[in-house]
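Student: For the sequence shown, the numbering used here assigns the number 12 to the initial residue and increments by one for each residue that follows.
Here it is: the structure, laid out below.
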Amino acid sequence: MSDRIIHASIHEFQKQDDGFFRSSEKKMIAHIVMQQINPHILAIDLGGHNLRTALVNEQAQIIDPKRVRTHADRTPEAVIEQITAEVKEIVDNHPDKTILGIGIGVPGFASTESGVIYSSPNFPTWKNTAIKKELEERLPFPVIVENDANAAALGEYWCGKGKGAQGFVLMTLGTGVGAGIIINGEIFRGSRGAAAELGHIKIRKDGPLCGCGGTGCLETWVSGSALELETGTKAKILYQQALEGDQKSKDIWIEMGRRLGTALSNIAFTFDPDVIAIGGRVSQAFELFFPGIEEVFSHNLAKHPAKQTSIVLSTCWNDGGMLGMAKLGFEHFLHQP
């Protein structure tokens, strides 16, 4: 009997009311059996440009990773059909694997409880998209949804620089600025699921207008798009020029680090985390802007216990989101009492 058939039988066993086992006993039996068959989560990282999929087991091994292009102007229906097709392909390619469910990290404001994407900067036309419901109607698996930055933070906590930390923050620097906060192993979502919008910490009174409608936001001073707007040069070119010894480019990165150091100081004062990790494409220049962070951070927290917070480079890179969704999937589908 295949693991997948065992999995289906266990789920049917849990649903049936046979009058013999209590619900809690059924869950315990199912949990014991499922742990013996090396279950997997089908992890998905949905972005405005790329859709990444893979199977992930409880040892955090990523199996059959794949990336395909997405387009931000596509309708929810078109993207959901694309996701459905990719999932079916993975399932067909791995008939021997037990898949507990699907974990999907999505950009924007989303509810883990309802599985609804309320809005997304990566998909401007999406409003109140019930992605969990739509996928569960098309596929034979339960689905859990989470904000992509929260998922990346959980992935880094599980497998990277956040491992073992009581308080952990991941900040991602790319076109914009994203973040996730992990406290005692749990994602901190806030009262309305909108916590960790650290890209909108105010570090200046003025500055370019941010997409949120405000000015002075961190995102308008340290993101890749902000650096390009300010200097007229793409971040990757500034990085290469600095490596080649161009002093002006080096100074730009140091100043960017100082700005980031101001924001990280505020985060440390507020959360007192053990570790703050920096990820995202712009973090490739970590060695260039870290001295600026260190200068401001050390000065601002000189007399505060949070000065012991470690500021480090993320190690999970592009895999963090999928690892985080796998971790969340195992907790939700396998380990919940």
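By construction, the Cβ of each residue, glycine as well, lies at the ideal position given by its N, Cα and C atoms.
Model, not experiment: these values are computed from the prediction.
(1) Check whether the region 208-220 and the region 229-245 touch, using three or more Cβ-Cβ pairs below 8 Å as the test.
(2) With distances taken between CB atoms, is the gap from Leu324 to Ile289 smaller than 7 Å?
(3) Count Cβ pairs between the region 155-171 and the region 278-296 that sit closer than 8 Å; are there 3 or more?
(4) Measuring CB to CB, does His310 end up less than 7 Å from Ile155?
(5) What does the alpha-carbon distance come out to for the pair Arg292 and Cys223?
(6) Following the continuous beta strand (DSSP E) through Phe179, name the residue where it begins and the one where it ends.
(7) Could you round the C-beta distance between Gly210 and Ala237 to whole angstroms and report it? I think they count as a contact, below 8 Å.
(8) Residue range of the alpha helix (DSSP H) that Asp159 falls in?
(9) Which of the three DSSP states is assigned to Lys37 in this structure?
(10) Express the C-alpha separation of Ile91 and Phe341 in angstroms, rounding to a whole number.
(11) Can you tell which of Val188, Ser130, Ser122, Ala206 has its C-alpha closest to the C-alpha of Phe282?
(12) Go ahead and pull the three-state DSSP assignment for Ile214.
(13) Starting from Thr273, follow the alpha helix (DSSP H) in both directions and report where the run begins and ends.
(14) Specify the secondary structure class of Glu88 as computed by DSSP and reduced to three states.
Tutor: Looking at the coordinates:
(1) yes
(2) Closer than 7 Å, so yes.
(3) yes
(4) no
(5) 22 Å
(6) From DSSP, the beta strand (DSSP E) with Phe179 extends over 178-184.
(7) Gly210 to Ala237, Cβ: 10 Å. No contact.
(8) 159-170
(9) Note that Lys37 scores a pLDDT of 48, beneath 50, so its modelled location is shaky; the value from the coordinates is reported in the next line. If DSSP states are grouped into helix, strand and coil, Lys37 belongs with the helices.
(10) 23 Å
(11) Ala206
(12) coil
(13) First-last of the alpha helix (DSSP H) with Thr273: 258-282.
(14) helix
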